[in-house]
Amino acid sequence: MHSKVIATACQYSFQSILSSDDNEGIMLTLFDLLERLNSLQRSWLRSHEELAALPPVQLSALYYLARCNHYSNTPMAVADYLGLTKGTVSQSLKKLESNGLIARMADVKDRRSVRLQLTDKARELMDALFPPAYLREAQQAMGNDGDDLLALLTQLLRQLQKQGDAALFGECHRCRYHQRREGHGFCGLTHEPLPHASERLICREFA
1 MHSKVIATAC
11 QYSFQSILSS
21 DDNEGIMLTL
31 FDLLERLNSL
41 QRSWLRSHEE
51 LAALPPVQLS
61 ALYYLARCNH
71 YSNTPMAVAD
81 YLGLTKGTVS
91 QSLKKLESNG
101 LIARMADVKD
111 RRSVRLQLTD
121 KARELMDALF
131 PPAYLREAQQ
141 AMGNDGDDLL
151 ALLTQLLRQL
161 QKQGDAALFG
171 ECHRCRYHQR
181 REGHGFCGLT
191 HEPLPHASER
201 LICREFA
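Just so you know, we're using the UniProt record's numbering here: the sequence shown kicks off at 1 and counts up by one.
Given below as structure tokens:
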């Protein structure tokens, strides 16, 4: 159902863009498209009992921690990713911890630093629900256009981040610091080998 709704929303929005002959109209249509997609995503999240009870900030923090690598699982990184203050995010993290969804632990290299990890309960939940089947179906239905859409959305995101001077965050294997040495991933910034599983995770040092 969600994949059909997404296709309809995209069709409506792109048709509107094509019929617009002024920049203001195009920008309004683009904003409408992004807002509609966001609305559909929120609707899908609310349809799952396990997620419906979580406030948006907690859910976003949980998803980020499911996607970030071992360099990026600190409270400050969560705040940077969400674009919120550390104090605001701290309360959400405490709630997630009290609900048994995340755990805090000392950094093995710096005992003064705190690292955040999903509990087994949270990991099972996130692995079961993401990526959502409706989104996969929609992209497959679009064929090659699905790949083009991914590239264009990435380009739009990077441009908006640049304009807002926001931290980029991106998948490790797409970073300019990512290298291959003897067939394995290697970080040119930290000069450390990279676990294979982390190469498709999000890093706060992405450049």
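Ideal placement from N, C-alpha and C gives every residue a C-beta, glycine not left out.
Check your understanding: Going by Cα to Cα distance, which pick from 74, 124, 97, 84 is closest to residue 112?
Key -> 74
Point to revise | Residues of its chain near residue 180, where Cβ-Cβ distance is below 8 Å and the 5 sequence neighbours each way are ignored | key: 186
Review point. Just how far apart, CA to CA, sit residue 58 and residue 27?
Key: 30 Å
**Study point:** Spatial distance of residue 191 from residue 76 (CA atoms)
**Key:** 22 Å
Check your understanding: Under the DSSP definition of a beta bridge, which residues are partnered with residue 178?
Key -> 187
Exercise for review: Per DSSP, which residues does residue 115 bridge with? Please list them.
Suggested key: Under DSSP, the beta-bridge partners assigned to residue 115 are 105.
Exercise for review: Could you tell me the distance, in whole angstroms, from the CA atom of residue 182 to the CA atom of residue 175?
Suggested key: 18 Å
Review point. Which two residues bound the contiguous alpha helix (DSSP H) that contains residue 28?
Key: Counting along the chain, the alpha helix (DSSP H) containing residue 28 begins and ends at 23-46.
**Study point:** Residues near residue 125 in its chain [Cβ-Cβ closer than 7 Å; skip 5 each side]
**Key:** Result list for residue 125: 50, in chain order.
**Study point:** Nearest candidate by alpha-carbon position, reference residue 196, set 172, 117, 205
**Key:** When each option's Cα is compared against that of residue 196, the closest is 172.
Review point. In angstroms, rounded to a whole number, what distance separates the CA positions of residue 184 and residue 68?
Key: 19 Å
Check your understanding: Does the separation of the CB atoms of residue 122 and residue 101 fall below 8 Å?
Key -> In contact: residue 122 and residue 101 (Cβ atoms closer than 8 Å).
Review point. Which residue comes first and which comes last in the alpha helix (DSSP H) that contains residue 141?
Key: 133-141
Exercise for review: Compute the beta-carbon to beta-carbon distance between residue 89 and residue 79, rounded to the nearest angstrom, for a pair I have assumed lies under 8 Å.
Suggested key: The Cβ separation is near 4 Å, so the contact holds.
Review point. Would the beta-carbon of residue 205 fall within 8 Å of that of residue 189?
Key: yes
Check your understanding: If residue 116 and residue 65 are in contact, beta carbons under 8 Å, what's the gap, nearest whole angstrom?
Key -> 6 Å
Review point. On the premise that residue 146 lies in contact with residue 155, defined as a C-beta separation below 8 Å, what is that separation, rounded to the nearest angstrom?
Key: Actually they do not touch by this definition, with Cβ atoms about 15 Å apart.
Practice item. Go ahead and pull the three-state DSSP assignment for residue 199. Key: coil
**Study point:** Endpoints, the alpha helix (DSSP H) within which residue 88 is located
**Key:** 86-98
Point to revise | One or two residues paired with residue 68 in a DSSP bridge | key: 202
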